[in-house]
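Undergrad: Taking this note's numbering, I'd label the letters of the sequence shown as residues 1421 to 1904.
Think of the CB as a built atom: it goes at the ideal place given N, C-alpha and C, for glycine as much as any other residue.
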Amino acid sequence: NLIYKEIDKVERFYSKTLDNLVEEFRVILEGNLNQFYTVRKNSLSENSSENNEPFDINFNQFQRNNGLTTIEKNMKRNSFLGEKEMKSLQRAMREIYRDAKLLQNFGIINYTGFVKILKKHDKMLANPSPKNLAKRKVSFEEFQQEDRRSKRRSAINDKILRNAVLPDRKMKKEVLGTVFEKEFYKGKRLDDLIKHWEQKFTNIFCGNDISQARVLLLPPKHIEIIEFDAFKIGYHLGIAAILAIWVMWDSGEQIFIHRKDVSIIEQPAFRVYRACAGLLLLHWSWAVSTHVWTLARINFIYLFELDPRHQSPPMKIFNDAAMETIIFLLNLLLYYKTQVGTTFSFFHAGYYPLFLCLYTLKKLFSPWNIKKEIWVVIGKCFIAPFTKVDFFSTFCADVLTSSVKTILDIAWSFGFFLSADFLMDREEWMNRSSDSTKWENAFWYKNVAVPVLCILPLWMRFQQCLRRYHDTGKRFPNLANAFK
């Protein structure tokens, strides 16, 4: 029943869209360009009325008066106003032709999809072997366990999977018999529309050269569209490069003037900036990864089970990372210049890293509807033995095991700000006694917090491997990954 509903849904959309194209075809050939755009606007409107009876275009009605339509007669009488109207007409005819081609591809893709679905159904569900049936029963039991913990599962999924456990009959031949009767498979009316549209475009613009008409009707391939997002990335990266050179130049200049190490590494808040740089590097790595996956046509959103409504395109991620890099470098430059006394500031230099940390915290949690998924997955990593391990949680745990240095710097930054050490200048910091920074040498930090933070990501990954072994029963590679 479900696949028949989907076939009817595809057929309704196909027929309605084709009816709209036929109506636009009729309006254009009558020479009413203004009415064409009105018809197109109405066909795209959500509130447009549905026609139960499809339009039936009779191409013979346009062959009167020696085969000339209203537009062609007007062209012959030179009654058009000029070049502007000619370009408008050509653009309108291209739009209809493009939509007709897209609708043709829509029918082909959906037919191919139905064939693949039915082929998979007959292979996996119809007359299954005892081994496959046992696997499906295990899958159903796992689904029921997951369903108790997740409210996102719908009742219909439960019903589909429950029925899928039982053997089913082969359906490919029966369902495809229905598909063969549908208009989106036959495509005769659409093929006639495309054929006559090419002929009319040829008569009006190409002097009966149909090959030239087909070339003009399709979008030109040699025109490169310059995306504004790519321009913004280049612009932001240029600013970031200038700021990075400025920071290195100032650091080298101060070392040369003072004849001693007054570089950024020797400043009190260096580890704060290193922590923020580590998080920024993760953002850049995610941007590069999504870009490469997109170019390779890897559906990472499906693999990671992410919500596609809340995922940004790679260009947007690159722009965000570039803008954050500019803010990071500008803050670092102001902090360093204030710390060494080469610029005037209204407040203490230690407030610059504090402002940067507050900005970083905001970017980690805002906007919440986008960042929520990553925090939910990180939470699942912490409770790995008690929850099902998916691919994205494994990916995140691997990233955390490679980010121990950044995690330690983040922990150090909390102590740095809570102890008010960020208000020290460089001289105080270099000459500080062990008592003034006792939190660094305290037992709870040096012997508890640091070892726990070092081993925690590895422990989470270890627990994930054991859970995978428990769920799948496969020793390799789960136990091998757990003990390596």
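#1: Label ARG1511 either buried or exposed according to how many other C-beta atoms from any shown protein chain fall within 10 Å of its C-beta, with 16 as the threshold for buried.
#2: If you run the structure through DSSP and keep just helix, strand and coil, what is ILE1645?
#3: Go ahead and pull the three-state DSSP assignment for ARG1717.
#4: Would you mind stating whether ALA1840 and MET1880 have Cβ atoms separated by less than 8 angstroms?
#5: Please state the DSSP three-state secondary structure of VAL1760.
#6: Anyone know if the C-beta pair for THR1780 and ILE1737 falls short of 8 angstroms?
#7: Could you check whether THR1437 and LEU1545 sit closer than 8 angstroms to each other, using their CB atoms as the reference points?
#8: Over what stretch of residues does the alpha helix (DSSP H) that includes ASN1861 continue unbroken?
#9: Please determine, among LYS1866, GLY1761, ARG1514, GLU1443, the residue with the shortest C-alpha to C-alpha distance to ILE1624.
#10: Around the Cβ of ASN1898, are there at least 16 other Cβ atoms within 10 angstroms (buried) or fewer (exposed)?
#11: Look up ILE1803 in the DSSP assignment and say whether it is helix, strand or coil.
#12: For SER1671, which of helix, strand or coil comes out of DSSP?
#13: Cα separation between TYR1517 and ARG1432?
#14: Can you tell me the Cα-Cα spacing of GLU1618 and ARG1634, whole angstroms?
#15: Kindly indicate which residue of ILE1427, MET1735, HIS1656 has the alpha-carbon position closest to the one of PHE1600.
#16: Determine the extent of the alpha helix (DSSP H) in which VAL1442 is found, giving its start and end residues.
#17: Ignore the nearest five residues each way along the sequence and tell me which others in ILE1747's own chain have a CB closer than 8 angstroms to its CB.
#18: Identify the continuous alpha helix (DSSP H) that holds CYS1885 and give its terminal residues.
#19: Can you name, in chain order, every residue of its own chain whose Cβ lies under 8 angstroms from the Cβ of ALA1660, other than the five neighbours on each side?
#20: Taking GLY1607 as the reference, give the member of HIS1656, THR1807, ASN1530, GLU1673 with the closest Cα.
#21: By the DSSP assignment, the alpha helix (DSSP H) with GLU1848 in it spans what residues?
#22: For the alpha helix (DSSP H) that contains PRO1773, what are its first and last residues?
#23: For ILE1423 versus VAL1692, is the C-beta distance shorter than 8 angstroms?
#24: Between CYS1801 and TRP1706, what straight-line distance do the alpha-carbon atoms span, to the nearest angstrom?
#25: Determine the DSSP secondary structure at ILE1477, reduced to helix, strand or coil.
#26: Would you kindly work out how many angstroms separate the C-alpha atoms of HIS1541 and THR1598, rounded to a whole number?
#27: Have a look at LEU1828, PHE1834, GLN1731 and flag the residue whose alpha-carbon is nearest the alpha-carbon of PRO1787.
#28: Can you tell me which of the three DSSP states GLY1607 falls into?
#29: For PRO1773, is the classification buried or exposed, using 16 other Cβ atoms within 10 angstroms of its Cβ as the cut-off for buried?
#30: So the alpha helix (DSSP H) VAL1390 belongs to, where does it begin and stop?
#31: Is it right to say ASP1439 is buried, meaning 16 or more other beta carbons lie within 10 angstroms of its own, or is it exposed?
#32: CA-CA distance, ALA1650 and LYS1757?
#33: Are the Cβ atoms of LEU1753 and VAL1667 separated by less than 8 angstroms?
#34: Looking at C-alpha atoms only, which residue of LYS1539, TYR1605, ARG1609 is the closest neighbour of ARG1589?
#35: What separation, rounded to the nearest whole angstrom, lies between the Cα atoms of GLU1466 and TYR1605?
TA: By the coordinates alone:
#1: Along the sequence shown, read from residue 1 onward, the residue named residue 1511 stands at position 91. Classification for ARG1511: exposed.
#2: The residue you call residue 1645 lines up with position 225 of the sequence shown. Reliability fails at ILE1645, whose pLDDT of 47 lies under 50, so the model's placement of it is uncertain and no value is given.
#3: Along the sequence shown, read from residue 1 onward, the residue named residue 1717 stands at position 297. Reduced to three states, the DSSP call for ARG1717 is coil.
#4: Taking the sequence shown and counting its residues from 1, the one referred to as residue 1840 is at position 420. Taking the sequence shown and counting its residues from 1, the one referred to as residue 1880 is at position 460. The criterion of a C-beta distance shorter than 8 angstroms is not satisfied by ALA1840 and MET1880.
#5: By 1-based counting over the sequence shown, the position of residue 1760 is 340. The answer is coil: DSSP assigns VAL1760 none of H, G, I, E or B.
#6: Mapped onto the sequence shown, residue 1780 falls at position 360. Mapped onto the sequence shown, residue 1737 falls at position 317. No, Cβ-Cβ distance for THR1780 and ILE1737 is not below 8 angstroms.
#7: Locating residue 1545 in the sequence shown gives position 125, counting from the first residue. Locating residue 1437 in the sequence shown gives position 17, counting from the first residue. In this structure, THR1437 does not lie closer than 8 angstroms to LEU1545 by Cβ.
#8: In the sequence shown, residue 1861 corresponds to position 441, counting from 1. Its alpha helix (DSSP H) spans residues 1858-1861.
#9: Along the sequence shown, one-based indexing puts residue 1624 at 204. Nearest C-alpha to ILE1624: ARG1514.
#10: Against the sequence shown, residue 1898 aligns to sequence position 478. Counting other Cβ atoms within 10 Å of its Cβ, ASN1898 reaches 16 or more and is therefore classed as buried.
#11: The residue you call residue 1803 lines up with position 383 of the sequence shown. Three-state DSSP puts ILE1803 in coil, outside helix and strand.
#12: One-based indexing of the sequence shown puts residue 1671 at position 251. It is helical.
#13: In the sequence shown, the residue the question calls residue 1517 occupies position 97. In the sequence shown, the residue the question calls residue 1432 occupies position 12. Distance from the CA of TYR1517 to the CA of ARG1432, rounded to the nearest whole angstrom, comes to 21 angstroms.
#14: Reading the sequence shown from its first residue, position 198 is the one you call residue 1618. Reading the sequence shown from its first residue, position 214 is the one you call residue 1634. Rounded to the nearest angstrom, the two C-alpha atoms are 7 angstroms apart.
#15: For the purposes of this step, residue 1600 is taken as residue 180 along the sequence shown, with counting starting at 1. Minimum Cα distance to PHE1600 is reached at ILE1427.
#16: As a working note, residue 1442 is residue 22 in the sequence shown. Note, VAL1442: alpha helix (DSSP H), 1422-1449.
#17: The count along the sequence shown starts at 1 and reaches residue 1747 at position 327. Apart from the 5 residues on each side of it in sequence, ILE1747 sits with its Cβ closer than 8 angstroms to the Cβ of LEU1776, TYR1779 in its chain, given in chain order.
#18: If you number the sequence shown from 1, residue 1885 lands on position 465. It spans 1870-1892 - the alpha helix (DSSP H) in which CYS1885 sits, taken as one unbroken run.
#19: Taking the first residue of the sequence shown as position 1, residue 1660 is located at position 240. These residues qualify, in order along the chain: ALA1742, THR1745, ILE1746, LEU1749.
#20: Working through the sequence shown from its first residue, we reach residue 1607 at position 187. Taking only the C-alpha atoms, the option nearest GLY1607 is ASN1530.
#21: Translated into positions along the sequence shown, residue 1848 becomes position 428. For GLU1848, the enclosing alpha helix (DSSP H) begins and ends at 1846-1850.
#22: Your numbering for residue 1773 matches position 353 in the sequence shown. Start and end: 1771-1785.
#23: Numbered from its first residue, the sequence shown carries residue 1423 at position 3. Numbered from its first residue, the sequence shown carries residue 1692 at position 272. In this structure, VAL1692 does not lie closer than 8 angstroms to ILE1423 by Cβ.
#24: As a working note, residue 1801 is residue 381 in the sequence shown. As a working note, residue 1706 is residue 286 in the sequence shown. Each residue's alpha carbon lies about 19 angstroms from the other.
#25: Taking the sequence shown and counting its residues from 1, one reaches residue 1477 at position 57. Caution is warranted here: a pLDDT of 44 is assigned to ILE1477, below 50, making its placement in the model unreliable, and no coordinate value can be reported.
#26: Numbered from 1 along the sequence shown, position 121 holds the residue referred to as residue 1541. Numbered from 1 along the sequence shown, position 178 holds the residue referred to as residue 1598. Distance between the alpha carbons of HIS1541 and THR1598 is about 17 angstroms.
#27: Within the sequence shown, numbered from 1, the residue matching residue 1787 stands at position 367. For PRO1787, the nearest C-alpha among the options comes from GLN1731.
#28: On the sequence shown, residue 1607 is found 187 positions in, with the first residue counted as 1. DSSP places GLY1607 in coil when its eight states are reduced to three.
#29: The sequence position of residue 1773 within the sequence shown is 353, counting from 1. Buried, since its Cβ has 16 or more Cβ neighbours within 10 Å.
#30: Nothing in the structure corresponds to residue 1390, since the chain is present only between 1421 and 1904.
#31: As a first step, residue 1439 must be located in the sequence shown, where it is residue number 19. Classification of ASP1439: buried, given that the 10 Å Cβ count is 16 or more.
#32: Here the question's residue 1650 lines up with position 230 in the sequence shown. Here the question's residue 1757 lines up with position 337 in the sequence shown. Their backbone Cα atoms lie some 32 angstroms apart in a straight line.
#33: Residue numbering aside, residue 1753 sits at position 333 when the sequence shown is read from its first letter. Residue numbering aside, residue 1667 sits at position 247 when the sequence shown is read from its first letter. Yes. Within cutoff.
#34: Locating residue 1589 in the sequence shown gives position 169, where the first residue counts as 1. Nearest C-alpha to ARG1589: LYS1539.
#35: Along the sequence shown, read from residue 1 onward, the residue named residue 1466 stands at position 46. Along the sequence shown, read from residue 1 onward, the residue named residue 1605 stands at position 185. Because GLU1466 sits at a pLDDT of 43, beneath the cut-off of 50, its placement in the model cannot be relied upon, and the point is left open.
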